[in-house]
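Enquirer: The listed protein sequences derive, respectively, from chains X and F. Under my numbering, the residues of the first sequence are numbered 91 to 288, in order. Under my numbering, the residues of the second sequence are numbered 124 to 245, in order. Take this structure, written in structure tokens, and hold onto it; I'll ask about it next.
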Amino acid sequence: MRASTVKTLVTLLACWLLTACSQWHYDLGVPLADTPAPAQHTSLADALDLLGPPLRMSATDTGFVLAWEHWHIRENSVGFSLGALGADFMSADWGEMRIKGEFLLLTFDKDHLLTSATRSEWDNHGGGGKAIQPFFGFISVVDVDDLTEMMPQHRWGSALFQRLPGTLNANSNLDTGQSGLQQRGTPTAAGQQSLEMD
Amino acid sequence: MKLTTGFIALLLCTSLLGGCAQFESKRGVEVNWQSTVTEQLVNGQSTRRDVLAMLGPPSQVIALDGESALYYLFEHSEGEGLVLILYNSMRIDTRYDRAIFFFDENDVLTEFATRLYPADEG
Numbered sequence: 091m092r093a094s095t096v097k098t099l100v101t102l103l104a105c106w107l108l109t110a111c112s113q114w115h116y117d118l119g120v121p122l123a124d125t126p127a128p129a130q131h132t133s134l135a136d137a138l139d140l141l142g143p144p145l146r147m148s149a150t151d152t153g154f155v156l157a158w159e160h161w162h163i164r165e166n167s168v169g170f171s172l173g174a175l176g177a178d179f180m181s182a183d184w185g186e187m188r189i190k191g192e193f194l195l196l197t198f199d200k201d202h203l204l205t206s207a208t209r210s211e212w213d214n215h216g217g218g219g220k221a222i223q224p225f226f227g228f229i230s231v232v233d234v235d236d237l238t239e240m241m242p243q244h245r246w247g248s249a250l251f252q253r254l255p256g257t258l259n260a261n262s263n264l265d266t267g268q269s270g271l272q273q274r275g276t277p278t279a280a281g282q283q284s285l286e287m288d
Numbered sequence: 124m125k126l127t128t129g130f131i132a133l134l135l136c137t138s139l140l141g142g143c144a145q146f147e148s149k150r151g152v153e154v155n156w157q158s159t160v161t162e163q164l165v166n167g168q169s170t171r172r173d174v175l176a177m178l179g180p181p182s183q184v185i186a187l188d189g190e191s192a193l194y195y196l197f198e199h200s201e202g203e204g205l206v207l208i209l210y211n212s213m214r215i216d217t218r219y220d221r222a223i224f225f226f227d228e229n230d231v232l233t234e235f236a237t238r239l240y241p242a243d244e245g
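Below is the structure:
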């Protein structure tokens, strides 16, 4: 066998043994693209007929707000490890995330008439990272947990049974439906939830 | 020749070790808001008692300055994945079956809406 062939085969073998890539796709909800935002003074009944039940809702001082959303998240990562060769002391990882979504927010007054409608769409790079980690892999270079978590309605019943910092901030809790709402991925280190950090 | 054989064996092993994955996750209240059920509800006549009797406890109760809303949510995720060791792919689709009911200060139904995806109709 020619030396160049051997080299090629060895390189291919190394590539197969050492690297791997993963792709995760999350699709949360259904796209809103074809649904127009209702006009001002549209009644609540007409808005619900058009859009169906909202995904998020909260009371406000002047009425209530309803929100519909759709998220598509793509996570790509490539890893390189010597573990397959019995030398599990070094790994290198690269990852990135792409976020695409839509959010429609409707505000209603106490007479159930639409007072404002706002819509946003985005298609952004959601972050990523690179890591070289000896011996143990402590760091995940892409984190999508805050974007893929379950809806807050599932946590409504437990809102007043949190640890003390959270309970003290119950009046500002965005999961109760009484204090506003927030989109997925909103940082908790500022704003209403900052008191809950412990 | 030995190396070629090894390489082919590796390819074969990798192919054999590849696999697929599938999972399903369901969270939330039991779906009872099929159209055959909710067509019995009439705005201006049905009461909160009627809705609770038909659908059971909601996921969330929202107080609206005298009025109130009951929100029902069922979250259904399905995932499919391809595990080829060197390339792995997972696709997760999440759908939200939901229903919302608004009541006035006398607990009479004023508006409601439901959404149910075909897969959850049964």
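Using N, Cα and C, we set each Cβ at its ideal position, and we do this for glycine too. Just so it is clear, the structure is predicted and the values come from calculations on it, not from any experiment.
List the residues of chain F that residue 117(X) touches, going by C-beta distances under 8 angstroms, in chain order.
Expert: As a first step, residue 117(X) is located in the first sequence; it is residue number 27 there, counting from the start. Here the neighbours are 214, 215, 216, 217.
Enquirer: Which of the three DSSP states is assigned to residue 163(X) in this structure?
Expert: For the purposes of this step, residue 163(X) is taken as residue 73 along the first sequence, with counting starting at 1. Residue 163(X) falls in the strand class under three-state DSSP.
Enquirer: Whose Cβ in chain X lies nearer than 9 angstroms to the Cβ of residue 247(F)?
Expert: In this structure chain F extends from 124 to 245, so residue 247(F) is not present and cannot be described.
Enquirer: Please list the partners that residue 246(X) has in chain F, where partner means a Cβ-to-Cβ separation under 7 angstroms.
Expert: For the purposes of this step, residue 246(X) is taken as residue 156 along the first sequence, with counting starting at 1. Those within 7 angstroms of residue 246(X) in chain F are 182, 183.
Enquirer: In or out: residue 146(F) buried (at least 16 other Cβ within 10 Å) or exposed?
Expert: Along the second sequence, read from residue 1 onward, the residue named residue 146(F) stands at position 23. Classification of residue 146(F): exposed, given that the 10 Å Cβ count is below 16.
Enquirer: Below 7 angstroms between beta carbons: does that hold for residue 187(F) and residue 260(X)?
Expert: Mapped onto the second sequence, residue 187(F) falls at position 64. Mapped onto the first sequence, residue 260(X) falls at position 170. No; because the gap between Cβ atoms is not below 7 angstroms, this pair is not in contact.
Enquirer: Cα separation between residue 170(F) and residue 136(X)?
Expert: For the purposes of this step, residue 170(F) is identified with residue 47 of the second sequence, where counting begins at 1. For the purposes of this step, residue 136(X) is identified with residue 46 of the first sequence, where counting begins at 1. Taking the straight line joining both Cα atoms gives about 21 angstroms.
Enquirer: Just to confirm, is the Cβ distance from residue 119(X) to residue 160(X) under 7 angstroms?
Expert: One-based indexing of the first sequence puts residue 119(X) at position 29. One-based indexing of the first sequence puts residue 160(X) at position 70. The answer is yes: Cβ separation under 7 angstroms.
Enquirer: Let me confirm a value: residue 225(F) is counted as buried when at least 16 other C-beta atoms fall within 10 Å, else exposed. Which label applies?
Expert: Translated into positions along the second sequence, residue 225(F) becomes position 102. Residue 225(F) should be labelled buried.
Enquirer: With residue 176(F) as the anchor, note down where its alpha helix (DSSP H) starts and where it stops.
Expert: Numbered from 1 along the second sequence, position 53 holds the residue referred to as residue 176(F). 171-178 is the span of the alpha helix (DSSP H), which, as asked, contains residue 176(F).
Enquirer: For a cutoff of 7 angstroms on Cβ pairs, would you count residue 294(X) as touching chain F?
Expert: The requested residue 294(X) is not part of the displayed model; chain X covers only 91 to 288.
Enquirer: Only counting the same chain, and skipping five residues up and downstream in sequence, which positions put a Cβ closer than 7 angstroms to that of residue 219(F)?
Expert: Mapped onto the second sequence, residue 219(F) falls at position 96. Counting only Cβ-Cβ distances below 7 angstroms, and skipping sequence neighbours, we find 196, 198.
Enquirer: Using 8 angstroms as the cut-off, can you tell me whether the stretch 272-279 of chain X makes contact with the stretch 226-246 of chain X, which would need three or more C-beta pairs spanning the two stretches below that distance?
Expert: A contact exists between the stretch 272-279 of chain X and the stretch 226-246 of chain X.
Enquirer: Would you kindly report the start and end of the unbroken alpha helix (DSSP H) that includes residue 255(X)?
Expert: Position 165 of the first sequence holds residue 255(X). Looking at the DSSP string, the run of the alpha helix (DSSP H) that includes residue 255(X) is 254-258.
Enquirer: Tell me which same chain residues have a C-beta within less than 7 angstroms of the C-beta of residue 213(X), skipping the five on either side of it?
Expert: Taking the first residue of the first sequence as 1, we reach residue 213(X) at position 123. Result list for residue 213(X): 190, in chain order.
Enquirer: Is it true that the CB of residue 185(X) sits closer than 7 angstroms to the CB of residue 231(X)?
Expert: Numbered from its first residue, the first sequence carries residue 231(X) at position 141. Numbered from its first residue, the first sequence carries residue 185(X) at position 95. A contact, by the Cβ cut-off of 7 angstroms.
Enquirer: Going along chain B, which residues have a C-beta under 7 angstroms from residue 154(X)?
Expert: Reference to chain B is not applicable here, since the protein chains of this structure are X and F.
Enquirer: Pop quiz: residue 239(F) and residue 157(F) are said to be a contact at Cβ under 8 angstroms. What is the actual Cβ separation, rounded to whole angstroms?
Expert: Locating residue 239(F) in the second sequence gives position 116, where the first residue counts as 1. Locating residue 157(F) in the second sequence gives position 34, where the first residue counts as 1. Their Cβ separation, rounded to whole angstroms, is 6 angstroms, which keeps residue 239(F) and residue 157(F) in contact under 8 angstroms.
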